[in-house]
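Read in our numbering, the sequence shown has -16 at position 2, and its numbers run on one by one without any break.
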Amino acid sequence: MNSSSLQRVLIVDDNDLMRTLLRTILRSNRYEVIGEARNGVAALELVERLRPDIICLDILMPEIGGLEALQTIRATHPEIVVVMITGSPSVDNVREAIQGGASGFIIKPFNAGKVLNTVSRAWQSARRLTTPDESG
-17 MNSSSLQRVL IVDDNDLMRT LLRTILRSNR YEVIGEARNG VAALELVERL
33 RPDIICLDIL MPEIGGLEAL QTIRATHPEI VVVMITGSPS VDNVREAIQG
83 GASGFIIKPF NAGKVLNTVS RAWQSARRLT TPDESG
């Protein structure tokens, strides 16, 4: 079996255009988009089935919103890096997401550079926290 170094990403956003845009940006920069969901319910099902490395998670969605989904994901899979996405970044939402374990924020409208920089920084930060320092 070929072991790939690509980070496996799940995109969760109720807006089709946002999911398409994120998928295009991430795939063009060595991320493997392994699934997409329109709401928190579908996202939680896909997390269990696909076990992504990174989740790009919209805050405002029908059924289960991003903040509630974040709590469940962090409780069951603390190793997964979660980057929140929002078009209306209120102080309360940002605070709740950071306290809930989000590793980064992408504010809509976004560009490729912002997405890639935020996802990369969140991933690198999580790796530093979970990988023992071997410099001795």
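Yeah, the Cβ is synthetic: ideal placement off N, Cα and C, and Gly gets one too.
Query                                                                                                                       : Result
Cross-strand partners of Arg(-10) (DSSP beta bridge)                                                                        : Glu14
Per-residue DSSP class, three states only, for Met0                                                                         : helix
Bridge-paired residues (DSSP) for Val63                                                                                     : Ile36
Alpha carbon of Val63 to alpha carbon of Leu111, nearest angstrom                                                           : 11 Å
Sequence-distant residues of its chain with Cβ nearer than 6 Å to Asn99 (five each side left out)                           : none
Outcome for Ala57 when other beta-carbon atoms lying within 10 angstroms are tallied against a minimum of 16                : exposed
Chain-order list of residues whose beta-carbon lies under 6 Å from that of Asp35 (same chain, five-residue window excluded) : Gln(-11) and Arg(-10)
Beta-bridge pairing of Gly86 - partner residues as DSSP gives them                                                          : Val65
As assigned by DSSP and simplified to three states, the class of Met(-17)                                                   : Reliability of the predicted coordinates at Met(-17) is poor, the pLDDT of 29 falling under 50, and the value obtained from them is presented with this limitation in mind. In the structure shown, Met(-17) sits in coil (DSSP, three-state: anything other than H, G, I, E or B).
Residues near Lys90 by beta carbon distance below 8 Å, same chain, minus five either side                                   : Met0, Ile67, Thr68 and Gly69
Rounded C-alpha distance that separates Gly17 from Ile7                                                                     : 14 Å
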